[in-house]
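Residue numbers (our numbering), protein chains in the order written: chain P, 46 to 289; chain H, 795 to 997.
The C-beta atom is built at its ideal place from N, Cα and C for all residues, glycine as well.
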């Protein structure tokens, strides 16, 4: 029952903050990785190079699919912004369902930007259905497709080190985020600009996806304070021997 | 059509979500039916994904792109194992051999490569970023490695203390990260529930 209350509370907050954010757009702290992401998107359009967006291998039926969905929201923004480029981004994933969603998302993005002819069904690809086959299938794309920047956002594991290493060899920019702790530590060690923890869910707000994405960040902050308060109260009650 | 797709997706999401929290038998049964359908659709999606893989490589072969020979190899072996698997079943010794003699050694080789890659990544960490947290990251990683590695003299002095402190800090940090990620996932899910984000298209 507590779970349902939290979901309803979050939904009410999200609606309220969305209305508020439509009137007064939010100002957020600078995150170097998102600055770099916006710069890389602009540079790719100007230079006629490609972006590679890697959505990971998150199965949509598993609990670790949140980051893949955040990646799809980012993909939507990037396809809209790169619709003027003659080299559309390449999207790879290690899950067939996720690839179908990425095709739908990219097509919607191009339609919204009035550039439907930019959509290519071969630009969104499954590169492998096991962790290593996914990584190994992605590496040649980094080498052969004139990639200027890699955006890795989704559910990755230790195999992400192979992709990161290949990106480094090509001197391509890397912006990486995952909800998987092993992948986060690999990205921290390998990428110049890395997104830690829930920062990956801020991609929409930092790429101008709209009021609801900004409202999401506000609600996350609010809920985080509630969780902190609950943990502190729980610890104090426990300290005084009050069980519940 | 777009409105219908969104309405259908939202209705299904509400039913599945409520089925988790509210114990009404009809709702729970309906949730299970919908989840079963999703599993079947997911299985079909795998076939679509394989078709996508074939189309991408076929395009590479047709336009004689760089590395198209690997595409020939991939499509050829995929068709061969697919047809063989359908005709003789996955229990067939030749199918088992394809797994044991090709997939397992290749994945084991990649695992070994991964170990080297990770060591290299840790070496160049300070090249990427020279700050206190990077140094701390590296020092803690080295200490933990030293504490868990086997030595000819047995465990090193203070190994349990190192693991205790590192475990304490990493558990605390990991929980903090996971709480943040859980909240982010919740809000992402709600945006999809409200139809603001529509990864299924129609937006």
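At the C-beta level, residue 219 of chain P and residue 177 of chain P stay beyond 9 Å of one another. Residues of chain P with a Cβ closer than 9 Å to the Cβ of residue 857 of chain H do not exist; the shortest Cβ-Cβ separation is about 11 Å. In this model, residue 180 of chain P and residue 901 of chain H are separated by some 11 Å (Cα to Cα). In chain order, 202 and 203 place their CB closer than 7 Å to the CB of residue 227 of chain P, counting only its own chain and leaving out the 5 sequence neighbours on each side. The contact set of residue 183 of chain P on chain H, defined by CB atoms closer than 9 Å, is empty, because the minimum CB distance reaches about 12 Å. Within the same chain, and ignoring the five residues on either side of residue 50 of chain P in sequence, no residue has its Cβ closer than 8 Å to its Cβ. Here the C-alpha atom of residue 84 of chain P lies approximately 15 Å from the C-alpha atom of residue 239 of chain P. Taken in chain order, the whole alpha helix (DSSP H) runs of length 4 or more contained in the stretch 163-201 of chain P are 176-189. Inter-residue distance for residue 994 of chain H and residue 839 of chain H is about 13 Å (C-alpha atoms, whole angstroms). Listed along chain H are 971, 974 and 975, each with a C-beta nearer than 7 Å to that of residue 242 of chain P. Here residue 810 of chain H has 825, 828 and 829 as same chain residues with Cβ atoms under 8 Å from its own Cβ, once five neighbours each way along the sequence are excluded.
Identification of chain H residues near residue 204 of chain P by a Cβ-Cβ cut-off of 8 Å yields 904 and 908, ordered along the chain. When 7 Å is used as the limit between beta carbons, residue 919 of chain H is near these residues of chain P: 234, in chain order. Residue 231 of chain P is a Cβ neighbour of residue 209 of chain P, given a cutoff of 9 Å.
Exclusion of the five residues before and after residue 866 of chain H leaves 855 as the residues of its chain whose Cβ lies within less than 7 Å of its Cβ. Chain H has a Cβ within less than 9 Å of the Cβ of residue 261 of chain P.
Under the three-state reduction of DSSP, residue 870 of chain H is assigned to helix. Here the alpha carbon of residue 949 of chain H sits roughly 8 Å from the alpha carbon of residue 942 of chain H. Contact of residue 846 of chain H with chain P by beta-carbon distance below 7 Å involves 144, 170 and 171.
Residue pairing of residue 220 of chain P in beta bridges, as defined by DSSP: P:196 and P:238.
Under the three-pair Cβ rule at 8 Å, the stretch 797-805 of chain H does not count as touching the stretch 92-106 of chain P. Measuring C-alpha to C-alpha distances from residue 76 of chain P to each of P:282, P:245, P:67 and P:140 identifies P:245 as the nearest. For chain H, the residues of the stretch 201-230 of chain P that bring a beta carbon within less than 9 Å of one of its beta carbons are 203, 204, 206, 207, 209, 210, 213, 224, 226, 229 and 230, in chain order. Excluding residues up to 5 positions away in sequence, 128 and 129 lie with their Cβ nearer than 8 Å to the Cβ of residue 160 of chain P in the same chain.
Against chain P, a Cβ distance below 8 Å from residue 849 of chain H picks out 166 and 167. Chain H places a beta carbon closer than 9 Å to that of residue 175 of chain P, counting this residue as a contact.
Taking C-beta separations shorter than 7 Å and ignoring five residues to either side along the sequence, the partners of residue 164 of chain P in its chain run 151, 152 and 155, following chain order. Taking 9 Å as the cut-off, the beta carbon of residue 193 of chain P is found closer than this to the beta carbon of residue 92 of chain P. Contact check between the stretch 978-986 of chain H and the stretch 249-265 of chain P: three or more CB pairs, one atom from each, fall below 8 Å, which counts as touching. If you draw a 10 Å sphere on the C-beta of residue 148 of chain P, you find 16 or more other C-beta atoms in it, and that means buried.
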